[in-house]
Amino acid sequence: MNSAAGWTSGQPKMRILYEDNHLLGIEKPVNIPTQEDASGDADLLNLLKEDIKERYQKPGNVYLGLVHRLDRPVGGAMIFAKTSKAASRLSDAVRTRKFAKSYLAVVHGQPQESRGRLIDTLLKDERTNTVSVVAAGTPGGKEAMLDYTVLGTSGKHGLSLVQIELHTGRSHQIRVQMNQLGCPLYGDQKYGARVNKPGQQIALWSLYVGFPHPVSKEPVDLVSYPPAQFPWDQWETRIYAQVAENLVSSGHI
């Protein structure tokens, strides 16, 4: 099966972006953990295993490999491996940077430069599950790098729409690095509490995931647009569509 549409069978229903015998690409709903965590809440990995088991009447345990992660409050395009071979090859693609990820974010304020590259050293505190920017060479610190492009501004609300491409996959990377730049993400209670209100949904979305298929080597492109609600609705959908089209057509990987 090779599907670019459809929905999973369980609750919550999730849009299927791509599926064949090797891969499952879905649109992750917000506020669901990618994998089991201390909250004990239903997690995406196990929900999808149950879905595959139900849709295909599979007996016993279902294999599903986690290739990359999205923070709990983040939604959008995400790929899983349905075989161990696919998981291994996709992990190689991530390691050799043949696995492209592009995000959309709404941030407070406007970066001084319309585009740029951010390179920081990040250190995670496992006890508090928070990440901070530290001096290069700090024990345990890891280099984090991303590119950003400002796509538009909303003067009425003092917000900017930014496209972000990750070159490393550090925990909370986009949230921490954009906050360090002076432009915390809209709705981010952890790193932007000074400008956000409790209850606001973080405005970070996985727009695009692209990689060579682990078996056929043909390009696979997953695209997911953010919801038509504030603050995303401050910009026309055509802007999101144009960015996605450019990523797909440019041979992004």
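Following our numbering, the numbering of the sequence shown begins with 61 at its first residue and continues without gaps.
Where is the CB? At the ideal position from N, CA and C, for every residue including glycine.
Taking residue i as the reference, which of the options has the closest Cα?
{"i": "H168", "options": "L307, A304, A195 and P291", "result": "P291"}
{"i": "Q170", "options": "Y163, G218, T94 and K118", "result": "G218"}
{"i": "P93", "options": "P119, P199, P244 and H128", "result": "H128"}
{"i": "L104", "options": "S231, L126, Q117 and G252", "result": "L126"}
{"i": "Y208", "options": "C243, G66 and R230", "result": "C243"}
{"i": "V191", "options": "E278, R149, Y251 and L211", "result": "Y251"}
{"i": "N121", "options": "K109, P72, Q249 and N306", "result": "K109"}
{"i": "A141", "options": "H82, P119, E203 and P133", "result": "H82"}
{"i": "Q260", "options": "G247, T156 and S266", "result": "G247"}
With DSSP as the reference, label residue i as helix, strand or coil.
{"i": "R254", "result": "coil"}
{"i": "K88", "result": "strand"}
{"i": "D103", "result": "coil"}
{"i": "A204", "result": "strand"}
{"i": "I299", "result": "helix"}
{"i": "D97", "result": "coil"}
{"i": "G70", "result": "coil"}
{"i": "Q170", "result": "coil"}
{"i": "Q237", "result": "helix"}
{"i": "R187", "result": "coil"}
{"i": "S151", "result": "helix"}
{"i": "E305", "result": "helix"}
If you draw a straight line from the C-alpha of residue i to the C-alpha of residue j, how long is it?
{"i": "Q95", "j": "Y123", "result": "14 Å"}
{"i": "T317", "j": "K257", "result": "Residue 317 falls outside the range modelled here, since the chain spans only 61 to 313, and no answer is possible."}
{"i": "Y163", "j": "E87", "result": "13 Å"}
{"i": "Q172", "j": "L221", "result": "14 Å"}
{"i": "L178", "j": "Q233", "result": "10 Å"}
{"i": "I76", "j": "M205", "result": "30 Å"}
{"i": "Y78", "j": "P274", "result": "14 Å"}
{"i": "E225", "j": "D111", "result": "30 Å"}
{"i": "Y268", "j": "Q294", "result": "20 Å"}
{"i": "E278", "j": "R149", "result": "13 Å"}
{"i": "I262", "j": "V236", "result": "13 Å"}
{"i": "M238", "j": "G201", "result": "18 Å"}
{"i": "P199", "j": "T181", "result": "10 Å"}
{"i": "A153", "j": "D281", "result": "14 Å"}
{"i": "V365", "j": "G135", "result": "The structure shown does not extend to residue 365, since the chain spans only 61 to 313, so no value can be given for it."}
{"i": "I139", "j": "Q117", "result": "22 Å"}
{"i": "A195", "j": "R115", "result": "50 Å"}
Tell me the DSSP bridge mates of residue i?
{"i": "G161", "result": "It is Lys, not Gly, that sits at residue 161 in the sequence shown. DSSP lists V269 as partners of K161."}
{"i": "K145", "result": "BP columns for K145 are empty, so no partner."}
{"i": "R230", "result": "Per DSSP, none; premise fails for R230."}
{"i": "Y246", "result": "BP columns for Y246 are empty, so no partner."}
{"i": "P279", "result": "P272"}
{"i": "R177", "result": "D207"}
{"i": "T198", "result": "According to DSSP, which records beta bridges pairwise, T198 is partnered with nothing at all."}
{"i": "G218", "result": "DSSP output for G218 lists no bridge partner at all."}
What runs of the beta strand (DSSP E), each 3 residues or longer, lie entirely inside the segment 109-148? Those beta strand (DSSP E) runs which fall completely within the segment 109-148 and span 3+ residues are 135-141.
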